[in-house]
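Engineer: Quick one: the structure is below, questions incoming.
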Amino acid sequence: MFEAADWLVVVGSVSLADNSGKRYRAQQILYHPGFSSQNNDYDVGLVLIAGLSADGVQPVCLPRRNEIFPVGADCWITGWGSTQEGGHLTHSHLTCSSLRVYGDFITPQMICAGSMVGGLDSCQSLLHNSFCFIRLNICGT
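For the sequence shown, the working numbering assigns the number 2 to the initial residue and increments by one for each residue that follows.
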């Protein structure tokens, strides 16, 4: 597994191709206890950064302990992953996803977020995606 010093967090940018965002070194990485580097099962975790001071950038609201998300609830998915298996990293707002691309790479221990009626999704077994449940309450309340 990677150490915190191996991670660079980019905030306040919509493209990795430009230098408009600010970059921060990760202070701590919290991996899911069941994470497997062999097949990326449970590929979810938290990255702690210190000194965040980018205009318009706020830390993500984390769910409360034991909070349950309703089936079919809307969530945000962001990132600079590939638009196809083995493809190049995206450098703009391109979106191109298809279940047939992923084959046996997706397991029941992975988050595959997409529309319940099919179409676009975020089933990427690659790095650089984030997933956030949309809540109406305000962080810290």
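Ideal Cβ positions, reconstructed from N, Cα and C, are used throughout, including at glycine.
Give the C-beta separation of Q29 and L9 to the nearest angstrom, bearing in mind that I take them to be a contact with Cβ-Cβ under 8 Å.
Structural biologist: Incorrect: roughly 14 Å between the Cβ atoms, too far for contact.
Engineer: Note down the Cα distance separating Y43 from S54, rounded to an integer number of angstroms.
Structural biologist: Cα to Cα, the separation comes out at about 30 Å.
Engineer: Taking only runs that begin and end inside the stretch 3-83, name each unbroken beta strand (DSSP E) of 3 or more residues, in chain order.
Structural biologist: Here the runs fully enclosed are 9-12, 23-32, 46-50 and 76-80.
Engineer: G73 and G13 look like a contact to me (Cβ under 8 Å); what is the Cβ gap, rounded to whole Å?
Structural biologist: G73 to G13, Cβ: 31 Å. No contact.
Engineer: For F36 and V45, what's the separation of their Cα atoms in angstroms?
Structural biologist: Taking the straight line joining both Cα atoms gives about 8 Å.
Engineer: How should M2 be labelled, buried or exposed, when 16 other C-beta atoms within 10 angstroms of its C-beta is the threshold for buried?
Structural biologist: M2 comes out exposed.
Engineer: Thinking just about the alpha-carbon of each residue, which of T108, F70, A5 and Q110 is nearest to the one in L31?
Structural biologist: L31 has its Cα closest to that of A5, out of T108, F70, A5 and Q110.
Engineer: Would N20 and M111 qualify as a contact pair, given that the criterion is a beta-carbon distance under 8 Å?
Structural biologist: No, they are not a contact pair.
Engineer: Might you give, ordered along the chain, the residues of its own chain that have their beta carbon closer than 8 Å to the beta carbon of H33, omitting 5 neighbours on each side?
Structural biologist: Around H33: Y43, D44, V45 and G46.
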